[in-house]
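Chemist: Just dropping this structure here.
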Amino acid sequence: MDVGVLTVALGGESLDDAFAYLADQGVDAVELGCGGFVGDDHLPREEYLDDEDAQAELQDSLDEHDLYVSALATHNNPLHPDEERAERADTELREAIELADQLGVDAVTTFSGLPAGSPAGEVPNWITAPWPNEHHEAHEYQWEVAEEYWSDLAEHAADHDVYVGIEMHPNMLVYEPTGMLELRERTNEYIGANFDPSHLFWQGIDITEAIRFLGEEDAIHHFHAKDTKVYESNSRVKGVLDTEPYTEEPDRSWLFRSIGYGHGEEFWKDVVSTLRMIDYDGALSIEHEDSLTSPNEGLEKAIDVLQRSVFETTPGDAYWA
Numbered sequence: 001m002d003v004g005v006l007t008v009a010l011g012g013e014s015l016d017d018a019f020a021y022l023a024d025q026g027v028d029a030v031e032l033g034c035g036g037f038v039g040d041d042h043l044p045r046e047e048y049l050d051d052e053d054a055q056a057e058l059q060d061s062l063d064e065h066d067l068y069v070s071a072l073a074t075h076n077n078p079l080h081p082d083e084e085r086a087e088r089a090d091t092e093l094r095e096a097i098e099l100a101d102q103l104g105v106d107a108v109t110t111f112s113g114l115p116a117g118s119p120a121g122e123v124p125n126w127i128t129a130p131w132p133n134e135h136h137e138a139h140e141y142q143w144e145v146a147e148e149y150w151s152d153l154a155e156h157a158a159d160h161d162v163y164v165g166i167e168m169h170p171n172m173l174v175y176e177p178t179g180m181l182e183l184r185e186r187t188n189e190y191i192g193a194n195f196d197p198s199h200l201f202w203q204g205i206d207i208t209e210a211i212r213f214l215g216e217e218d219a220i221h222h223f224h225a226k227d228t229k230v231y232e233s234n235s236r237v238k239g240v241l242d243t244e245p246y247t248e249e250p251d252r253s254w255l256f257r258s259i260g261y262g263h264g265e266e267f268w269k270d271v272v273s274t275l276r277m278i279d280y281d282g283a284l285s286i287e288h289e290d291s292l293t294s295p296n297e298g299l300e301k302a303i304d305v306l307q308r309s310v311f312e313t314t315p316g317d318a319y320w321a
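Following the UniProt record's numbering, the numbering of the sequence shown begins with 1 at its first residue and continues without gaps.
Put into structure tokens, the structure is as follows:
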């Protein structure tokens, strides 16, 4: 496994400067944003798609710094009830898949999206309970919308031999592992997870069990290394469905944290070991969203923990067995 970084946190730096900094930190892989909520500071999709010269320059920079691209990222909502917004997200995702193919990158990370609760709805509707009954009916409608869209998108991904890693994220239709497998079963094997523990921690999901659950179906296509800390002094009073702004840290039930500040090194070593058990051998792409520290310090501390956690060699023969 390799230590990687989603470079969005370094968006204020040039591509070469970001690569040089990460290489100096001992990073192996980069995940590059090319649209949607993550932006495209380091990979403007329109400038690289179908442009062999621009792609060659990118590869030269990667080679110079001994890096490779683990995935392209474009997180948006292709199921949005606003047709213009949905079409924009769809274009971003389809073109990201095409660009990944041209760059020899085997994964694109994204969200499942979220429809409204009915054809007349104007706002995406995250449904978390089946009662009153109209919520159950709305949820069934949403899955119909998702299946139609993602079945077609999955064929596009298959045509380009690029895997789509969906980040299981609240306020999206797919926010936990059983929903992830449901979408995969309704589409094809190119649809799987960009496994991000941070959104699962506060939902009370056991991370290593979720890895095993998805790993049994070979459904983890990429991995985000991001931590979360639940602050029980708040969660004991108001639970974990928290609408306080992320920057109101003392009042929140949970916060995204740098690796090691939500769960210790022992936990991350267990994650790495579980990933090896399911034969995941890709990057652990660090996503910095810790409001209590700067991007550089947060990344450096996360890199430090993960470098002590990942295995650098393949297993030898079990001579003792």
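Using N, Cα and C, we set each Cβ at its ideal position, and we do this for glycine too.
The structure presented is a predicted model; accordingly, all values stated were derived computationally and were not measured.
Kindly indicate which residue of E95, R85, V8 and E31 has the alpha-carbon position closest to the one of D50.
Modeler: Against the sequence shown, residue 50 aligns to sequence position 50. Here the closest residue by C-alpha is E95.
Chemist: To the nearest angstrom, how far is the alpha carbon of V27 from that of G4?
Modeler: In the sequence shown, residue 27 corresponds to position 27, counting from 1. In the sequence shown, residue 4 corresponds to position 4, counting from 1. The straight-line gap from Cα to Cα measures roughly 6 Å.
Chemist: Pick out whichever of A100, Y163 and P78 has its Cα sitting closest to the Cα of Y68.
Modeler: The residue labelled residue 68 in the question sits at position 68 within the sequence shown. Nearest C-alpha to Y68: A100.
Chemist: With C-beta atoms as the reference, is Y190 less than 8 Å away from A157?
Modeler: By one-based count along the sequence shown, residue 190 stands at place 190. By one-based count along the sequence shown, residue 157 stands at place 157. Yes; because the gap between Cβ atoms is below 8 Å, this pair is in contact.
Chemist: Less than 8 Å between the beta carbons of D196 and K226, yes or no?
Modeler: In the sequence shown, counting from the first residue as 1, residue 196 sits at position 196. In the sequence shown, counting from the first residue as 1, residue 226 sits at position 226. Yes.
Chemist: When you compare each of D24, G204, G117 and R212 to A193 by their alpha carbons, which one comes out closest?
Modeler: Numbered from its first residue, the sequence shown carries residue 193 at position 193. Measuring from the Cα of A193, the nearest candidate turns out to be R212.
Chemist: Taking buried to mean at least 16 other C-beta atoms within 10 Å of its own C-beta, is T128 buried or exposed?
Modeler: Counting from 1 along the sequence shown, the entry for residue 128 is found at position 128. Result: exposed.
Chemist: Grouping DSSP H, G and I as helix and E and B as strand, with all else coil, what is A210?
Modeler: In the sequence shown, counting from the first residue as 1, residue 210 sits at position 210. A210: helix per DSSP, three-state reduction.
Chemist: If distances are taken between C-alpha atoms only, which option among I259, Y231, L103 and E216 comes closest to E52?
Modeler: Counting from one through the sequence shown, the residue named residue 52 turns up at place 52. Nearest of I259, Y231, L103 and E216 to E52, Cα basis: L103.
Chemist: Please confirm if the segment 103-120 is in contact with the segment 156-173, defined as three or more CB-CB distances below 8 Å between the two stretches.
Modeler: Judged by Cβ distances under 8 Å, the segment 103-120 makes contact with the segment 156-173, as three or more pairs qualify.
Chemist: Does the separation of the CB atoms of residue 376 and H65 fall below 8 Å?
Modeler: Shown here, the chain extends from 1 to 321; a query on residue 376 therefore has no answer.
Chemist: What is the rounded straight-line gap between the Cα of A71 and the Cα of Q55?
Modeler: Translated into positions along the sequence shown, residue 71 becomes position 71. Translated into positions along the sequence shown, residue 55 becomes position 55. Distance between the alpha carbons of A71 and Q55: 15 Å.
Chemist: Label T314 either buried or exposed according to how many other C-beta atoms from any shown protein chain fall within 10 Å of its C-beta, with 16 as the threshold for buried.
Modeler: The count along the sequence shown starts at 1 and reaches residue 314 at position 314. When all chains shown are included, T314 counts as exposed.
Chemist: Considering only the alpha carbon of each residue, which of H263, S253 and E140 lies closest to T208?
Modeler: Looking up residue 208 in the sequence shown gives position 208. Measuring from the Cα of T208, the nearest candidate turns out to be H263.
Chemist: Which residues does DSSP pair with residue 334 in a beta bridge?
Modeler: It is not possible to answer for residue 334, since the shown part of the chain is limited to 1 through 321.
Chemist: Report the CB separation of E167 from H80 in whole angstroms; it is logged as a contact under 8 Å.
Modeler: The residue you call residue 167 lines up with position 167 of the sequence shown. The residue you call residue 80 lines up with position 80 of the sequence shown. Not a contact, Cβ separation roughly 16 Å.
Chemist: Among R257, Q59, L93 and A321, whose alpha-carbon lies nearest the alpha-carbon of Y163?
Modeler: For the purposes of this step, residue 163 is taken as the residue at position 163 of the sequence shown. Among R257, Q59, L93 and A321, the Cα nearest to that of Y163 is on L93.
Chemist: By how many angstroms is the C-alpha of E137 removed from the C-alpha of E84?
Modeler: Here residue 84 corresponds to residue number 84 of the sequence shown, with the count starting at 1. Here residue 137 corresponds to residue number 137 of the sequence shown, with the count starting at 1. Between E84 and E137, the C-alpha separation is close to 25 Å.
Chemist: So, under 8 Å CB-CB, A283 and A29 are touching, yes? Tell me the CB distance rounded to an integer number of Å.
Modeler: To locate residue 283, count along the sequence shown from 1; it is residue 283. To locate residue 29, count along the sequence shown from 1; it is residue 29. The Cβ separation is near 4 Å, so the contact holds.
Chemist: Mapping DSSP to helix, strand and coil, what is D161?
Modeler: Within the sequence shown, residue 161 is the residue found at index 161, counting from 1. Coil at D161, not helix or strand.
Chemist: Between which two residues does the alpha helix (DSSP H) containing S61 stretch?
Modeler: For this step, residue 61 is matched to residue 61 along the sequence shown. E52 to E64 is the extent of the alpha helix (DSSP H) around S61.
Chemist: Relative to the C-alpha of H75, which residue among S61, G35 and L153 is closest?
Modeler: Here residue 75 is taken as the residue at index 75 of the sequence shown, counted from 1. Taking only the C-alpha atoms, the option nearest H75 is G35.
Chemist: Going straight from the alpha carbon of D206 to that of H199, what length do you get?
Modeler: Locating residue 206 in the sequence shown gives position 206, where the first residue counts as 1. Locating residue 199 in the sequence shown gives position 199, where the first residue counts as 1. Taking the straight line from one Cα to the other gives about 11 Å.
Chemist: The alpha helix (DSSP H) spanning T91 covers which residue range?
Modeler: For the purposes of this step, residue 91 is taken as the residue at position 91 of the sequence shown. Start and end: E83 to L103.
Chemist: From Q25 to L299, what distance separates their C-alpha atoms?
Modeler: As a first step, residue 25 is located in the sequence shown; it is residue number 25 there, counting from the start. As a first step, residue 299 is located in the sequence shown; it is residue number 299 there, counting from the start. Going from the Cα of Q25 to the Cα of L299 covers about 9 Å.
Chemist: Quick check: the Cα distance between T7 and I259, rounded to an integer number of angstroms?
Modeler: Mapped onto the sequence shown, residue 7 falls at position 7. Mapped onto the sequence shown, residue 259 falls at position 259. Taking the straight line from one Cα to the other gives about 16 Å.
Chemist: Would you give the residue range spanned by the beta strand (DSSP E) that F19 belongs to?
Modeler: For the purposes of this step, residue 19 is taken as residue 19 along the sequence shown, with counting starting at 1. First-last for F19: L15 to D24, but that is the alpha helix (DSSP H), not the beta strand (DSSP E).
Chemist: In this structure, how does DSSP classify T247 when only helix, strand and coil are distinguished?
Modeler: Within the sequence shown, the letter at position 247 stands for residue 247. Residue state, collapsed to three classes: coil.
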